[in-house]
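Top line first, the protein sequences correspond to chains A and Z.
For what it's worth, the working numbering labels the leading residue of the first sequence as 3, then goes sequentially.
For what it's worth, the working numbering labels the leading residue of the second sequence as 718, then goes sequentially.
Every residue, glycine too, gets a C-beta built ideally from N, C-alpha and C.
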Amino acid sequence: MAVGVLALQGDFAAHAAVLRRLGESVLEVRSWTDLAGLRALVLPGGESTALLRLMDGGPWFDALRAFHGGGGGLLGTCAGAILLARDVDPAQPSLGLLDVSISRNAYGRQVDSFEAELDASALDDPLLGVFIRAPRFTAIGPQVHVLARRGGEPVLVRQRRVLAATFHPEIAGDDRVHRMLIEISAGTAPAG
Amino acid sequence: MKAAATGTLRIKTGLAEMLKGGVIMDVIDAAQARIAEDAGAVAVMALERVPADIRKEGGVARMADPAVVSAIMEAVTVPVMAKCRIGHFAEARVLEALGVDFIDESEVLTPADEEHHVDKHAFAVPFVCGCRDLGEALRRVGEGAALLRTKGEAGTGDIVEAVRHLRAVTAAVRRLGTLGPEELMHEAKSLGAPYELVRVVASAGRLPVPNFAAGGIATPADAALMMSLGAEAVFVGSGIFKSSDPAARARAIVKATTHHQDAKAVAEASRGLGEPMRGLDVAALSPAERLQTRGW
């Protein structure tokens, strides 16, 4: 079964490259009808307002919630994490599949974008976080596990089959977060 | 906490990666910026006059008033770009100080320096620059540009130059892949491009930074054409706010850019948009009227 990458807008090609490196067959998803038959889906970085506008044309939210409900794994990075969240500030529609509140562009503008090593004990060694006009998790629900932190703040979280990062593992060239998505969707990862 | 690094090349090109598959729209005030964002723009380009008006009105075209740039930054949450004149590093510093997310060192404005472009390595903010061929593209990357775009011929609504420039770059990248290592120095000399970058492109088979299309895109099909030729996103200047229904045209170009491989979707997006910008035939322009020959 293929892994999908939402390809409406954003750095979907970078995600597809990581997944192919891991030996996955990858489908670029441009229609909600493409979701059938996928076992996992990546919601890439990009501009969340543009992604939402491009989803206006069809029942994307219903289809994505059904995909999740049907056992599909999800990974959202940056704008993708914003789409997955329960609450978004400044307010905009979101899927609510991850019990977190998230604040958009929370570190400032592009000149404040940065890269730094993360504390990621769940992934054994140091993980490089590339933060680009990144959001911040401002509240985390009881079912949500923190997998990596930056200065004590959560930056990579998991709630069962949903993974979300405020940074971009696909830009850092690190495959571990994507490997975790594959393990989660195959049922071979520890419960989380 | 471990130290953080800002302004690295990875951070700069990273923002360009996030804009892929999207449309960046020229705006001259906060109201236009909101229309663009609402239509699904991935970023807006703040400037004083759109290229079609710069052509019509003449005079020296400069960086926009910081008050206008700031008002646009206040109005939207998408990234805000702004243009500085070629070689005008003081304008670039002003734009960086204002906190814009990307600077376009642009031939649309009147050049400040006929020999030297801005040293873009000296900035934390990323730069986009125009190019007509691979040599120009790699000279700009050598100076630190994090993103390239075709120059096309801005303010005309005529796509022919953008097509020419994108095809020229693509063909030259393909050609590099056919050369042996001993041929690359001569190729670098003929391109007028840094040898190390020529080697990088020859071995990777692609440009070291993303490449978008600009200069003459006026319709959804124009955007689909450029994406299908290998552009990774599109800039639309005068094409939106010089048309009869900017909001509808902006939404349509966004849709056609994403679904450029799906002709039915492009057809649907193109339906009933009203008058496009009137436009100018590039072939009828005198050499002095061509903006693309600014810079080298």
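Residue i vs residue j beta-carbon contact at 8 Å
| i | j | result |
| --- | --- | --- |
| Z:R766 | Z:I745 | yes |
| A:L53 | A:L76 | no |
| A:H170 | A:G6 | no |
| Z:V971 | Z:A938 | no |
| A:G12 | Z:M742 | no |
| Z:A756 | Z:A964 | yes |
| A:V157 | A:G131 | yes |
| A:L37 | A:F69 | yes |
| Z:G852 | Z:D836 | no |
| A:I104 | A:T140 | yes |
| A:H180 | A:R160 | no |
| Z:L883 | Z:M943 | yes |
| A:L43 | A:M3 | no |
| A:V28 | A:L8 | no |
| A:A15 | A:T79 | no |
| A:V113 | Z:E822 | no |
| Z:A788 | Z:A747 | yes |
| Z:A863 | Z:V926 | yes |
| Z:V793 | Z:T974 | no |
| Z:G874 | Z:A935 | yes |
| A:P137 | A:A108 | yes |
Residue i (DSSP reduced to helix, strand or coil)
| i | result |
| --- | --- |
| A:P156 | strand |
| Z:K800 | strand |
| A:E172 | helix |
| A:G6 | strand |
| Z:L736 | coil |
| Z:R892 | helix |
| Z:V951 | strand |
| Z:V926 | coil |
| Z:L726 | helix |
| Z:S1003 | coil |
| A:F14 | helix |
| Z:H805 | coil |
| Z:V785 | helix |
| Z:F840 | coil |
| A:S103 | strand |
| Z:V795 | coil |
| Z:L946 | coil |
| A:L1 | Since the first and last residues shown for chain A are 3 and 194, residue 1 of chain A lies out of range. |
| Z:E774 | helix |
Beta-carbon neighbours of residue i, restricted to chain Z and to distances below 8 Å
| i | result |
| --- | --- |
| A:V132 | R727, I728 and G731 |
| A:P92 | T794 |
| A:L56 | G757, V971, K972 and T975 |
Residue i, buried or exposed, once every other Cβ within 10 Å from all chains shown has been counted against 16
| i | result |
| --- | --- |
| Z:R856 | buried |
| Z:H805 | buried |
| A:P246 | With chain A running from 3 to 194 in the structure shown, residue 246 of chain A is simply not present. |
| Z:S961 | exposed |
| Z:A722 | exposed |
| A:D176 | buried |
| Z:G909 | exposed |
| Z:E831 | exposed |
| Z:V790 | In the sequence as displayed, the identity of residue 790 of chain Z is Met instead of Val. Z:M790 comes out buried. |
Closer than 7 Å at the beta carbon, the chain Z residues around residue i
| i | result |
| --- | --- |
| A:G12 | M735, K737 and G738 |
| A:R32 | T975 and H976 |
| A:I173 | R727, G731 and E734 |
Any non-hydrogen atom of the ligand SAM closer than 7 Å to residue i Cβ
| i | result |
| --- | --- |
| A:V90 | The model depicted lacks the ligand SAM and carries no ligand whatsoever. |
Separation of residue j from residue i, as counted between CA atoms
| i | j | result |
| --- | --- | --- |
| A:A81 | Z:T887 | 30 Å |
| Z:E754 | Z:V795 | 7 Å |
| Z:Y912 | Z:L826 | 30 Å |
| Z:G776 | Z:G869 | 21 Å |
| A:S123 | Z:M762 | 42 Å |
| Z:V817 | Z:V759 | 14 Å |
| A:M182 | A:A188 | 10 Å |
| Z:S1003 | Z:L997 | 12 Å |
| Z:I876 | A:L120 | 46 Å |
| Z:G947 | A:G154 | 42 Å |
| Z:A921 | Z:V842 | 26 Å |
| A:F63 | A:L56 | 12 Å |
| Z:R988 | A:G143 | 46 Å |
| Z:A879 | Z:W1013 | 16 Å |
Beta-carbon neighbours of residue i, restricted to chain A and to distances below 7 Å
| i | result |
| --- | --- |
| Z:G816 | R111 and V113 |
| Z:E754 | T51 |
Proximal residues of chain A, C-beta to C-beta of residue i below 8 Å
| i | result |
| --- | --- |
| Z:V759 | Q11, G48, E49 and A52 |
| Z:V842 | Q112 and V113 |
| Z:F819 | Q112 |
Under 9 Å from the C-beta of residue i: neighbouring residues of chain Z
| i | result |
| --- | --- |
| A:H170 | G731, E734 and M735 |
| A:R41 | What A:R41 touches in chain Z: nothing, since even the nearest Cβ is about 24 Å away. |
| A:A15 | E734, K737, G738 and E949 |
| A:R23 | Within 9 Å Cβ-Cβ: nothing; A:R23 doesn't reach chain Z, min ~15 Å. |
Contacts of residue i in chain A (Cβ-Cβ under 9 Å)
| i | result |
| --- | --- |
| Z:E813 | V113 |
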